DNA sequence: ACCGAATGCTCAGTTACGTCA
DNA sequence: GCTGACGTAACTGAGCATTCG
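Residue numbers (our numbering): 564 to 795.
Below, the structure is given as structure tokens:
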């Protein structure tokens, strides 16, 4: 009963619309909104099919007391509204994903910076201990060749490092258990062991694990800013 | 088979009206 | 009552597919 009244109301609205809709310049003079019932029916059909076949359009127009053109325009506008809503939803979803990635990138960036400064610190420590070795070697020649154990050890190691590959360096340490190793052991007892444990091993380990020179890592990570620029 | 006009549909963009705070 | 924002019915023009002579 109420439904029929609604449709009747809609039909009346549509009829008055048709009678008075067009005047000068083809402009709509008295635009009427569709009734709730008309909208409900249109929405109901739109849910199952967003495009209407011509026959269905005619039938629906008859049922709702509208012109087929009005039904076609309603579907057209409804598709447009649906599309803009969908674009809005997709935008929101992408924004959330972007924000998550951006914050993940930020924390990775901070972690990278802290690791870089740690590597720099370690490099500095290694460098200063190498310099200390050279000083020690110089001192040892001065006191007649008997020498400073730490200085000899470091000077020898440094020299080998500059001439040989990483694998060779590892062999040197294992070979030191032979006759040469013995003399070294004697000498190394006071300071050398501590040095190797605390400073040399971390460096060689670092080089072995990454198979690169730490200073190169620093240079590369700092300079390869193409993708970094993208984010910042 | 090919061509061009007519027709009908969709879409993006725009206009204009109705409603509401 | 006036006004600006907003939602929406309707229009416009372009592009595309189909039909028909």
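Glycine is no exception: its CB is placed at the ideal position from the N, C-alpha and C atoms.
All figures in this text were calculated on a predicted structure; none of them were measured in a lab.
Tell whether a beta-carbon distance below 7 Å holds between residue i and residue j.
i	j	result
residue 649	residue 609	no
residue 634	residue 624	yes
residue 671	residue 637	no
Among the options, whose alpha-carbon lies nearest the alpha-carbon of residue i?
i	options	result
residue 628	598, 669, 682 and 674	598
residue 614	687, 693 and 639	639
residue 645	612, 665 and 677	612
residue 626	669, 601, 685 and 666	601
Problem - Stretch pair the segment 651 to 668 + the segment 606 to 624: three plus CB contacts closer than 8 Å - result: no
Handout entry: Ordered list of alpha helix (DSSP H) runs contained in the segment 605 to 655, each at least 4 residues
Key = 617 to 627
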